[in-house]
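The structure appears right after this line, and notes come after that.
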Amino acid sequence: MPVLIADVVDAPLDLQAHLDAVEDARQGATASFVGAVRNHDPQIDGEVTHLDYSAHPSASETMAHIASDVAARLDPDGVARIAVTHRVGRLGVGDIAIVAAVSSPHRALAFALCNELVEEVKRSLPIWKHQHNTDGDDVWSGLT
Amino acid sequence: MPVLIADVVDAPLDLQAHLDAVEDARQGATASFVGAVRNHDPQIDGEVTHLDYSAHPSASETMAHIASDVAARLDPDGVARIAVTHRVGRLGVGDIAIVAAVSSPHRALAFALCNELVEEVKRSLPIWKHQHNTDGDDVWSGLT
Amino acid sequence: MDTTSVRVRYWAGAEAAAGVQTEDLDVSGANPVTVGHVRRAALAAHPTMGDVLARCSALADGRRLDDDAVVAEGVTVELLPPFAGG
Amino acid sequence: MDTTSVRVRYWAGAEAAAGVQTEDLDVSGANPVTVGHVRRAALAAHPTMGDVLARCSALADGRRLDDDAVVAEGVTVELLPPFAGG
Numbered sequence: 022m023p024v025l026i027a028d029v030v031d032a033p034l035d036l037q038a039h040l041d042a043v044e045d046a047r048q049g050a051t052a053s054f055v056g057a058v059r060n061h062d063p064q065i066d067g068e069v070t071h072l073d074y075s076a077h078p079s080a081s082e083t084m085a086h087i088a089s090d091v092a093a094r095l096d097p098d099g100v101a102r103i104a105v106t107h108r109v110g111r112l113g114v115g116d117i118a119i120v121a122a123v124s125s126p127h128r129a130l131a132f133a134l135c136n137e138l139v140e141e142v143k144r145s146l147p148i149w150k151h152q153h154n155t156d157g158d159d160v161w162s163g164l165t
Numbered sequence: 022m023p024v025l026i027a028d029v030v031d032a033p034l035d036l037q038a039h040l041d042a043v044e045d046a047r048q049g050a051t052a053s054f055v056g057a058v059r060n061h062d063p064q065i066d067g068e069v070t071h072l073d074y075s076a077h078p079s080a081s082e083t084m085a086h087i088a089s090d091v092a093a094r095l096d097p098d099g100v101a102r103i104a105v106t107h108r109v110g111r112l113g114v115g116d117i118a119i120v121a122a123v124s125s126p127h128r129a130l131a132f133a134l135c136n137e138l139v140e141e142v143k144r145s146l147p148i149w150k151h152q153h154n155t156d157g158d159d160v161w162s163g164l165t
Numbered sequence: 390m391d392t393t394s395v396r397v398r399y400w401a402g403a404e405a406a407a408g409v410q411t412e413d414l415d416v417s418g419a420n421p422v423t424v425g426h427v428r429r430a431a432l433a434a435h436p437t438m439g440d441v442l443a444r445c446s447a448l449a450d451g452r453r454l455d456d457d458a459v460v461a462e463g464v465t466v467e468l469l470p471p472f473a474g475g
Numbered sequence: 390m391d392t393t394s395v396r397v398r399y400w401a402g403a404e405a406a407a408g409v410q411t412e413d414l415d416v417s418g419a420n421p422v423t424v425g426h427v428r429r430a431a432l433a434a435h436p437t438m439g440d441v442l443a444r445c446s447a448l449a450d451g452r453r454l455d456d457d458a459v460v461a462e463g464v465t466v467e468l469l470p471p472f473a474g475g
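Chains as they are written, first to last, in the numbering used here: chain B, 22 to 165; chain P, 22 to 165; chain L, 390 to 475; chain S, 390 to 475.
Quick look at the structure:
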């Protein structure tokens, strides 16, 4: 189960780069996910203006483990090709925080793996979100 | 449940155009799918060189029904934004046959809807696939 | 009302198997004419089409019809092989 | 071996709540020192941190530790609030 990209970066994310990385003439199905900053969030009132993602130093390494663990679990034959990156630093509304792409010969595997990859990132990637709104309030996600 | 794009076209498909169509500051999660022509297929021996997709005249209209039916079924609150297009005509290996993108405030809905959309297209869109391989054989999918 | 023939439109692989896109099939004696009669007439006209015909769905005026459905006069019956989109 | 203090590193929201990133907490009297002792010492140092501390996981040498885990001498205990990636 080749993991082509599994990283945490402080730079804008490029979905097409992830799609290109997983592309393969044998793999007809590519599922992908883009998580963007929304202008509202249940954990903060009013309108979100921007947020800061910070990461534990182990984040990149953890992302690699997440990708290979999810692949090993859902794709024992190792046919899927996987690319996933999470962004850190300051992001505005609409900016992309996470991109994942998975190609496989079969749709179901591509969707299942891409979905689980994003869920596992949410569960296990040591990244924190500090949101700010138009009233100047700020909140740390998960601590409200 | 706004369906922004639901069509069948005889021209190359553009995933980014579908992502842009479904983008919305309130929708943080966008799942998408790309189905491309593979160089092999269980229904034909050897290596696929190209294939021709042909469509019944009702295909475009049917695609619109598919999109709204799937949305009505899975997204009764109508929050998801949907864009899906299938290509007809001659395609080579690696060319994109179908693109779907679904944005929603929540990941699970985006994935579920995008997945079901592609499955419903496979079940109900009146489109046929005529595959050709390097040996000059040809086969109509579903009739082997 | 005694219909003697029904127009049939074959699509994709069905057209390839029949070797013709559209034809009028003799269904005299069938009253009323059903989709089943049309299928049998198509098989009679193209004896090697059995497998393909068995997998085709029938459409008339945009509606899918079962074999027992009556085919109104002047309506073209379309025979569609399994779909293969995506 | 009588450890008198443990170094603690607070991350993200925990750092914000503690008002400090890293500090050495007095755990004299605890033998052996466990993560539980460290949490209690952190709370003593920052009485308003209760809620945040309760939601933090503890990490030492890259491994997650339960409250009853022993903290070896010289090891820094990291306190990580719930993750919020994706």
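Quick reminder that beta carbons are idealized off the backbone N, C-alpha and C, glycines included.
The model shown is predicted, which means the values in this text are computed figures rather than measured ones.
**Message:** Under 8 Å, Cβ to Cβ, is there at least one residue of chain A near GLY110/B?
**Reply:** Chain labels in this structure do not include chain A; the protein chains are B, P, L and S.
**Unbroken beta strand (DSSP E) run spanning HIS151/P, endpoints** = 148–154
**Inter-residue Cα distance where the pair is VAL160/B and ALA122/P** = 31 Å
**Request:** State yes or no: is the C-beta of VAL395/S within less than 8 Å of the C-beta of VAL460/S?
**Result:** yes
**Prompt:** Taking just the CA atoms, how far does GLN48/P sit from VAL30/B?
**Reply:** 23 Å
**Item:** Start and end residues, beta strand (DSSP E) containing THR51/P
**Value:** 50–57
**Asked** Which residues of chain B have a Cβ atom closer than 7 Å to the Cβ of LEU468/S, listed in chain order?
**Response** Ordered by position in chain B, no residue passes the 7 Å Cβ test against LEU468/S, which lies about 11 Å from the chain.
**Request:** Quick one: using the 10 Å Cβ neighbour count with 16 as the cut-off for buried, is ALA447/L buried or exposed?
**Result:** buried
**Asked** Between ALA434/S and the rest of its own chain, which residues show a CB-CB distance below 8 Å, the 5 nearest in sequence each way excluded?
**Response** ALA407, GLU412, LEU414
**Message:** Closer than 8 Å between beta carbons: that is the criterion. Which residues of the segment 51–79 of chain P meet it against chain B?
**Reply:** THR51, ALA52, SER53, PHE54, VAL55, GLY56, ALA57, VAL58, ARG59, ASN60, HIS61
**Item:** Rounded separation between GLU82/B and GLY463/S - CA only
**Value:** 24 Å
**Asked** Quick one, are the C-beta atoms of ALA405/S and LEU468/S less than 8 Å apart?
**Response** no
**Prompt:** Counting only beta-carbon atoms, is ILE103/P nearer than 8 Å to chain L?
**Reply:** no
**Asked** Which ranges would you report for the alpha helix (DSSP H) in the segment 23–51 of chain B if only whole runs of at least 4 residues count?
**Response** 36–43
**Request:** May I ask you to report which of helix, strand or coil DSSP gives VAL395/S?
**Result:** strand
**Item:** Distance between beta carbons of HIS71/B and HIS153/B, contact taken as under 8 Å
**Value:** 6 Å
**Prompt:** For the putative contact between ASP73/B and ARG111/B, defined by C-beta atoms under 8 Å, what is the C-beta separation to the nearest angstrom?
**Reply:** 5 Å
**Item:** Exposure label - ASN136/B; buried when at least 16 CB within 10 Å
**Value:** buried
**Item:** Residue-level contact to chain L via CB, HIS39/P, 8 Å cutoff
**Value:** no
**Message:** For a test of the three-state rule: what should DSSP assign to THR437/L, helix, strand or coil?
**Reply:** helix
**Item:** Nearest-angstrom Cα separation, counted from VAL142/B out to ALA88/P
**Value:** 30 Å
**Item:** Proximal chain B residues relative to ARG444/S, where beta-carbon distance stays under 8 Å
**Value:** GLY163, LEU164
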